[in-house]
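Protein sequence lines, in the order shown, are assigned to chains C and E.
With the working numbering, the residue at position 34 of the first sequence is 34, and numbering never jumps.
With the working numbering, the residue at position 207 of the second sequence is 207, and numbering never jumps.
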Amino acid sequence: MTKIKNILIGDNAFIGVSHLSHSKARETLQRLDAEKIVEVISAARSCGANGFTFTVHPTNLQVLKELIGSQSLNGSFMLYPTLPYAAGYVRTMTEKGVVGTLAEMFGQVSILDRAKLVLEGGVQSLAGNPIGVMRSYVNYELARIPKGAAIRSVLLHDVVTDLAVSYRSADLIQSYIENIRNKWHATPGFVTRNFSKFIEFFNQMGWNLRDVLVMTPFNRVGFQMNPSKEACEVSLSKLEGGKVIAMSIMAAGYLTLEDALDYISKLQNLDGITIGVSTPKHATETFARLKSL
Amino acid sequence: MNNVRDVGIVGLGKMGILHGGIVNALPNCRVKAVCEKEKFVVKMAQRAMPKDVSYYDDCASMMENENLEAVFITTPINQHVPVIGEVVKAKPDVSLFVEKPLAESANSARLACEATAKLRGVHMVGFQKRYSPIYQHAKRIIENESIGDLMFFRAHSYSSDVVREGKSWRSKKGIGGVLLDLAPHLLDLLLWFFGDIESISAVRRSLYSKEVEDYAYASFKFKSTLTGHIDTCWSVRGFRLPEIMIEIYGRNGNILLSDDMIKVELAESNGSRGTQVLHKQSFDNSVPFLLDEPEYTKEDVSFLDGISRGSTPVPDFVEAAKVNVLIERIIEAASEES
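Here it is in structure tokens:
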């Protein structure tokens, strides 16, 4: 097996996400506040975690503020923000419809960025420019992340990535890549639950996978691996270059850590793994074990 | 392109974008036409969707100009039946997928069913929970009677979607409300599990919305004599995603199930109890292309397979119309109560 370089802590437990049980997620959420989450992350860091994958959720922003304020991250702990914060917008869509949601997203973009959008294509094109709105919105969310920690990669949420792949929105992906690279000097990243199709689309477009980072599920039971576990494994094994972070390695708490590692350690071409923990003790045990790999 | 199945989407809201994305990612299938009245949305779609998609603001022109094999109707629910009528009139050999619920009222649902008399294609309504391996497993357990004769059930369906007054069509009188928006999945599952209902008592309440109910309670007596009750509310804090929970009690055991897991407790012959817990991870739930939950892809694949084979996908309009009838009966029962 190859040594896994990047061992990252995931944020699902911090913002009330569990793919095993909604009710469990709600219980964990009630127990955790920003201060307790900082303790969890600190415990993970002291046992070798070298990065944090998170959505730009208000809780995470508060956590980062406290984390950066209380300890020096020294480039030894990198950030991997995922955006946009999708669940919030799916809810807004139910409440306000597609137009209302876009208006709300656009309303949060800075006046300067709004002006830039208008200049790019005139007032008329404002409404018809999803790529511009998306870019401005991404910039708005990234600007909210507290300064003081290095961002290795900015990941596009799977809701957007997978829609872009399904509709073959090459312009949207290209614009995203250029914006993250040129404005934020970070590696453009993508979360996908359709790893094989994502790789296929990238290859068809003639884009270089070496230049991006992909975060996608890999686990023994094939949970959220599409179109199949086997197809994802083949796509990974054939990857030349490219940085893949495995997520859901415990199938959202369904598998034990040992079970998960037994599978993951046999995979080639992984740049890293991300794993969620919800108590300092859990973090210490988990990351100490991961470090020993 | 040869052998490519051309699909039209009527209504490019949340569900139109979702089904269009799934269909477009399936082999030999593509979104060829979109009918959407909102110009803002069309402009956005023109930049983000494939260049060969054509856009229309009326359904009749779309059907006249395009040779579509299937149409997904994902408009606000009060437009489902008029759109069904237009599509069937223009092209009776098309197949129709309608997002749940079939219509805004029992009468409209009946009109939708009548329209199928002239339809030569297949028809289906998007009650995707029926494609979840967890609910399918529960259905098998109920049918093979391993928990014995059913005694009673209780169930809820909650979300945090409306915690202030909403502005979309989902909060408008006659087409919105928790009974028409959130509850249909639970109601469809109950009808699928337990059959027809004999009598109902119910309560409806508004909490944030001015025009529609945000909460409903109903108790049912099924024709099988099974009784049980449900709560549904879209204003409960703390639900990142909507949640369904059903508890079914039989003479020989119990089932607890949700979107995430099923727990079956059986009384063993030696007097002990055996428990089996299966999570969604326990099942092979991979799909050709995933957007949101796998059940959406599974129902779309089932619909498209139904077209190929000429067989009726589940649930068709007639079966789905039962949910509209049930919602109306709950509303009537609630009026009597108040």
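Positions of the beta carbon are idealized from the N, C-alpha and C atoms, including for glycine.
* Please look up how many angstroms separate the CB atoms of S224 (chain E) and F194 (chain E), rounded, as I've assumed it's under 8 Å. => 6 Å
* Enumerate in chain order the residues of its own chain whose CB-to-CB distance from L213 (chain C) is below 6 Å, with the five nearest sequence positions on each side excluded. => S153, T187, G189 and K243
* To do: Whole angstroms is fine: what's the gap from V163 (chain E)'s alpha carbon to W234 (chain E)'s?
  => 8 Å
* Asked: F127 (chain E) CB to nearest chain C CB: under 8 Å?
  -> no
* Distance, R135 (chain C) Cα to S175 (chain C) Cα -> 7 Å
* Under a three-way DSSP split, which group does E141 (chain C) fall into? -> helix
* **Contact check, Y249 (chain E) vs F153 (chain E), beta carbons under 8 Å** => yes
* Asked: Quick one: does Q136 (chain E) have its CB under 8 Å from some CB of chain C?
  -> no
* **Beta-bridge pairing of F152 (chain E) - partner residues as DSSP gives them** => E:T227 and E:Y249
* Just grab the DSSP bridge partners of K263 (chain E) for me. => E:L256 and E:V277
* Just the C-alpha distance for H137 (chain E) and S95 (chain E), rounded to the nearest angstrom, thanks. => 29 Å
* **Entirely enclosed beta strand (DSSP E) segments - the region 3–47 of chain E, minimum 3 residues** => 5–10 and 29–35
* For G222 (chain C), which residues in chain E fall below 7 Å Cβ to Cβ? -> D284 and S286
* Asked: What are the boundary residues of the alpha helix (DSSP H) that includes A115 (chain E)?
  -> A106 to A115
* Asked: Which chain C residues sit within Cβ distance under 8 Å of Q276 (chain E)?
  -> Those within 8 Å of Q276 (chain E) in chain C number zero; the least Cβ separation is about 15 Å.
* To do: Run the CB neighbour count on V323 (chain E), radius 10 Å, all protein chains shown included, and call it buried at 16 or more, exposed below.
  => buried
* Measuring only between beta-carbons, confirm whether L163 (chain C) sits less than 8 Å from chain E. => yes
* **P50 (chain E) vs Y167 (chain C) beta-carbon contact at 8 Å** => yes
* Exposed or buried, what is Q224 (chain C) when buried is set at 16 or more other beta-carbons lying within 10 Å of its beta-carbon? -> buried
* To do: With a 10 Å radius around its C-beta and 16 neighbouring C-beta atoms as the bar for buried, classify Q79 (chain E) as buried or exposed.
  => buried
* Asked: Using a Cβ-Cβ distance under 8 Å, would I22 (chain E) count as near chain C?
  -> yes
* Asked: Mind checking M63 (chain E): buried by the 16 CB within 10 Å criterion, or exposed?
  -> buried
* Would you mind telling me which residues of chain E sit closer than 8 Å to I131 (chain C), beta carbon to beta carbon, in chain order? => R47 and A48
* Locate the alpha helix (DSSP H) running through R289 (chain C), then write down its first and last residues. => P280 to K291
* Asked: How many angstroms separate the CA atom of Q124 (chain C) from the CA atom of P76 (chain E)?
  -> Legend: pLDDT at Q124 (chain C) = 44, less than 50; position of this residue unreliable, no value from coordinates given.
* In chain C, which residues lie with their C-beta within 9 Å of the C-beta of I248 (chain E)? -> Simply none; closest approach about 18 Å.
* With DSSP as the reference, please indicate the residues paired to C233 (chain E) in a beta bridge. => E:Y158 and E:Y215
* To do: Could you round the C-beta distance between Y85 (chain C) and F52 (chain C) to whole angstroms and report it? I think they count as a contact, below 8 Å.
  => Actually they are not in contact, since the Cβ atoms of Y85 (chain C) and F52 (chain C) sit about 15 Å apart, beyond 8 Å.
* Asked: Name the chain E residues whose beta carbon is nearer than 7 Å to that of K36 (chain C)?
  -> Under the 7 Å cutoff, chain E gives no residues; its nearest Cβ is about 18 Å from K36 (chain C).
* Asked: With a cut-off of 8 Å, does the C-beta of S237 (chain C) fall near any C-beta of chain E?
  -> no
* Note down, in chain order, each residue of its chain lying with its Cβ closer than 6 Å to the Cβ of L291 (chain E), except the 5 sequence neighbours on either side. => L18, G21 and I22
* If I'm right that L179 (chain E) touches I327 (chain E) with Cβ under 8 Å, what's the distance once you round it to whole angstroms? => 5 Å
* Are there 16 or more other CB atoms within 10 angstroms of the CB of G121 (chain C), so buried, or fewer, so exposed? -> Residue confidence for G121 (chain C) is low, a pLDDT of 49 falling below 50, so the modelled location carries little weight and cannot support an answer.
* What residue ranges within the region 169–241 of chain C form continuous alpha helix (DSSP H) runs of no fewer than 4 residues, ordered along the chain? -> 170–184, 195–205 and 229–237
* Work out the CA separation of E38 (chain E) and N129 (chain C) for me, nearest whole Å. => 15 Å
* How about the region 116–131 of chain E and the region 143–162 of chain E: do they share at least three Cβ pairs that are nearer than 8 Å? -> no
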